[in-house]
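What follows is one structure encoded as C-alpha cells, with my remarks underneath.
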Amino acid sequence: MAEVSGPSAIVEVDTTDRNRAALRRMFYGRFLRSLSVGFWVMVIAFLMIRLSPGDPVRIALGSEATEASVAEMRHKLGLDQSVFSQFFHYFVNIFKGDLGYSYFSNRTVTSVVTTHLPVTLQIIALSIFLGILLAIPIALFIAQSKNQLTTYLFRAFTSVSLALPGFFLAVVGLYAFGIKLHWAPAAGYEPGFPGNLKYIWLPALVNCGSLVPVLSRVLHSSLMDTLDEEFVETGVIRGVKKIRFYWSYLLRPSLAPTVVLLSYMIGVMIGGTVIMETIFSLPGIGRELITAVDSRDYPVVQGIVMVFGLIVVFFSFIGDLLGYLLDRRVTLS
Amino acid sequence: MTIVNAKPRKRMREGSFGLYTGFSMIFALILGGAIIPWLSKYDPNSPGGTPIAAPSGAHWFGTDLLGRDVFTRVFDAVFIDLGTAIIGVSIPLVVGTIVGTLLGISRNKRVNSVVGSIIDGINAFPFLIFVIAMIAFIGPGIPSIILALSLVNWARYARVARTRAVVVNQQGYVEAARILGFSKVRILFKHIIPNVSSETRAYALSDFIIVIIAVAALSFLGMGTPPPQAEWGAMIHDGTQILALAWWPTIFPGLALCWAGVAIAFVAEGMQRRLRETNTK
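Heads up: the protein sequence lines correspond to chains A and B, in order. First residue of the first sequence: 4, per the working numbering; consecutive thereafter. First residue of the second sequence: 895, per the working numbering; consecutive thereafter.
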C-alpha cells in the first residue's frame, strides 16, 4: 500500500450506496422539517403584532389622527380584512420580497434589512472565524495533555466565562481598547470588507467570549471519544504525518457535534451582536431593531425578527447536513 | 476529586464544593441586598452629593453622574435583578413542564403535531431577539420583561419535558400505578411530573444564568426598570455615557452581575455532579 488512507476513506469503499441512500433520506427529512418550522416562524411573526394592547394604526399616525385617516390607513394596510386573508397576503408578499413599510420613515422593511443585515452577518462571520481559530488549538491541547489539573482548570474556566454577561464584557472592552489603549475606534464605521475590520474586530472578539468556551468544550469531549478509537492508534503506529494525522484522524471524526452546535449558536450570536452594535454604534440590523423598538415601528420589528428566525432555521439545516457529511460514521448506523 | 487531610475524615460528596461556594456567594449577595441599603447613610435613588467622585472611604464604589452612592445602588438592585430572574424562570418552568408532559403522554396526534410545531417555531427565534420584539409590542418595564420571558421560554422547557415524559410514561412504576387503578390526575402529578421535572429543574438552573443576564441586558437597552430605580443593567448603561470620565459607575454593577452569574454557575455545576453521583449509585 503506497498511500495510507484516512479512516473515512476506508469506510467509503464498500458502503457508498447505502450511505448515499441514507444521506438522501436524511436530506429530505431535514428539508421538510425546516420548511415546516420556517412556516411557523412566519405565523408567529405575523401574530406577534397582535400582542400589542394599543391599536397599531393609531400609534403609527399619532394621537391627533382623524377617524377618516385611521380608516384609510387601515384599508391601505389591509387591516379591515379577516385575519386569514391578512395572513395570506403577508405570506405571499414574503415570497415577493415585500415585508411591508416602516411606519415612520419612507423605507420599505426589505430595504432596511438588505442595507443593514450584511454588517451584522459580517460581525457574526468574523466571530465564528475567530471562535474556530481559538477553539481548535485549545481543545487539541487540552485533549492531548495528560495532566488532570489542566482538564479540571479548563472546565472550571469555561463554566465561569459562560456565566459572564457579554454586554458587560463589551463595555469593558470598549473602555480598555477604545478609551485607554486606543486600539479600537469607540464609534464610527466604514463600509466594505477589509476597511470595516478595524471597527468590528472588538465586537467579534467579545462574541468569542461566549462562543469559544462552548465550542472548545464540545470539541474537547468529542476529541476524547475519538482518541479512544482504534484508528487513532493505527495512525500513531503507522507514523502518519502530523498535519494529516491531526485533520483526518483527530479533527474530522470529531468535528460533527461542534459544527451542529455552531449552527445552533447562530441564534445566540445574533442576540449578542444586536447588543454589540448598540454599544459600538455599528450600523447593523440590531441597532435598527432597537431603534424600531424604541419608536414602536412595528412592521420593522416584525420583519427583522422574522428574517432572524428564518436565518436560524436555515443555518440549523446547513449545520445538520454538514455534521452528517463530516462524520460518515453517523450515516452507517 | 479527593480532599487530602491530616486526620482521616469522611470523603466530601461529589459537587459539594460547587454547591457550597455557589450558595454562599448567593447568600452573601442577598444579605448585602437586604441590609446595605438599610444601613447606608445614602439614599440609593435620589440625587445629591458630589457627582462622579472616585472610590474613597466615604463612597466605597464612588458616585455616579447624579452624585448617588454606587455601593448602595449596587446592593439596592439585588432584589430587582434576582427577583425578576427568579420569576422569569419559574413561570416558564411550571408552564413548560406541564405542557410538555401533557404532550409527551397524549396520544392525540393532531394536537401533538400542531403544538409541537408551535414549540419548534418559537424555539427557532433567537432568544434575546424574540424577547426584545415581545417587549416592543407589550411595552417596557419589569412586568413586561417577565411576561415576554414567559411567552418565549416555556417552549424550551416544553421541549425538554416532552422528550422526558415519553420515556417516563413507559417506565414500570407508571405502568404499575395504572394497573393499581389510580386516577389519571394522580398518576400525572404524583408519578410522571416529579420525574419529568427533575430534568426541567436542572435545565432551569442553567437557564437562570441566561435569564439574569438577559434581564440586565434588556434594562441596559432601556427596556426594563424606569429611572431612578437602581438596576445593574440600567446602571451599566448610565455608566457607559461617562465611561471616558469614570470607570466605577460601570464596572461595579457589572461585577455584581458577574458575581451573580458565576454563583449560579457554581450551583449548577455542583448540582450536576450530585445528580450524576446519585444516578450512578
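Backbone N, C-alpha and C fix where the C-beta goes; we use that ideal spot for every residue, glycine too.
If the five residues before and after A:G103 are omitted, its C-beta is found closer than 6 Å to the C-beta atoms of V112, P302, all from its own chain and listed in chain order.
Residue pairing for B:T957: DSSP places it in a beta bridge opposite B:D963. The segment 142 to 211 of chain A is shown to contain whole alpha helix (DSSP H) runs of 4 or more residues at 151 to 165, 169 to 176, in chain order.
Under the criterion of beta carbons closer than 8 Å, A:L253 and A:L226 qualify as touching, at roughly 6 Å. Apart from sequence neighbours up to five positions away, the residues of its chain that approach A:L258 with a beta-carbon distance below 6 Å are L329, ordered along the chain. Using a Cβ-Cβ cut-off of 8 Å, B:M1165 is close to nothing in chain A; its nearest Cβ partner there is about 12 Å away.
Contact annotation: the segment 963 to 974 of chain B does not touch the segment 1017 to 1031 of chain B, with fewer than three C-beta pairs closer than 8 Å. Short of 6 Å from the beta carbon of B:L1112, and not among the five residues preceding or following it, lie these beta carbons of its own chain, in chain order: I1039, G1118. By the neighbour-count criterion, in which a residue is buried when 16 or more other Cβ atoms sit within 10 angstroms of its Cβ, A:T276 is buried.
In the three-state reduction of the DSSP assignment, A:T113 falls in the helix class, which pools H, G and I. Assignment of A:Y252 by DSSP, reduced to helix, strand and coil, places it in the helix class. Just so you know, the alpha carbons of A:L80 and A:L325 end up roughly 42 Å apart. In this structure the segment 1002 to 1020 of chain B does not lie against the segment 278 to 287 of chain A, because fewer than three pairs of beta carbons, one per stretch, are closer than 8 Å. When the beta-carbon positions are compared, A:I240 and A:F318 stay at least 9 Å from each other. Short of 6 Å from the beta carbon of B:L1151, and not among the five residues preceding or following it, lie these beta carbons of its own chain, in chain order: A1110, W1126.
If the five residues before and after A:D83 are omitted, its C-beta is found closer than 6 Å to the C-beta atoms of R77, all from its own chain and listed in chain order. Distances from the CA of B:W1048 to each of B:F955, B:G927, B:W1142, B:G990 were compared; the closest alpha carbon is that of B:G990. A Cβ of chain A is located within less than 9 Å of the beta carbon of B:D1014. Classified as exposed, A:N109 has fewer than 16 neighbouring CB atoms from the shown chains inside 10 Å of its CB.
By the beta-carbon neighbour count (other beta carbons within 10 angstroms, threshold 16), A:W250 is exposed.
Using a Cβ-Cβ cut-off of 9 Å, B:G1155 counts as an interface residue toward chain A, since at least one Cβ of chain A sits closer than that to its own. Secondary-structure assignment with DSSP links A:Y104 through a beta bridge to A:T111.
Among the residues of chain B, those whose CB is under 8 Å from the CB of A:F311 are F1019, P1020, I1023, following chain order. The segment 941 to 948 of chain B makes no contact with the segment 996 to 1010 of chain B; the number of CB pairs closer than 8 Å stays below 3. Rounded to whole angstroms, B:R907 and A:S298 show a C-alpha spacing of 54 Å. Going by C-alpha positions, A:I145 is about 27 Å away from A:G176. Between the alpha carbons of B:R1095 and A:M309 lies a distance of about 30 Å. Not flagged as an interface residue toward chain A: B:I1136, since no C-beta distance is shorter than 9 Å. The residue among A:I131, A:A159, A:R33, A:W43 with its C-alpha nearest the C-alpha of A:L214 is A:I131.
Boundaries for A:I52: no alpha helix (DSSP H) harbours it, and the DSSP string shows neither H nor E there. In the pairwise beta carbon analysis, the segment 1133 to 1141 of chain B is classified as not touching the segment 141 to 159 of chain A: fewer than three pairs are separated by under 8 Å.
Taking the CA atoms as reference points, B:G916 sits about 4 Å from B:A1157. For the options A:Y106, A:A24, A:L172, the alpha carbon positioned closest to that of B:I1145 is the one of A:L172. Here B:P938 has P931, T966, R967, D970, A1124 as same chain residues with Cβ atoms under 6 Å from its own Cβ, once five neighbours each way along the sequence are excluded. Beta-carbon to beta-carbon, A:V40 and A:V316 are separated by about 5 Å, close enough to satisfy the 8 Å threshold.
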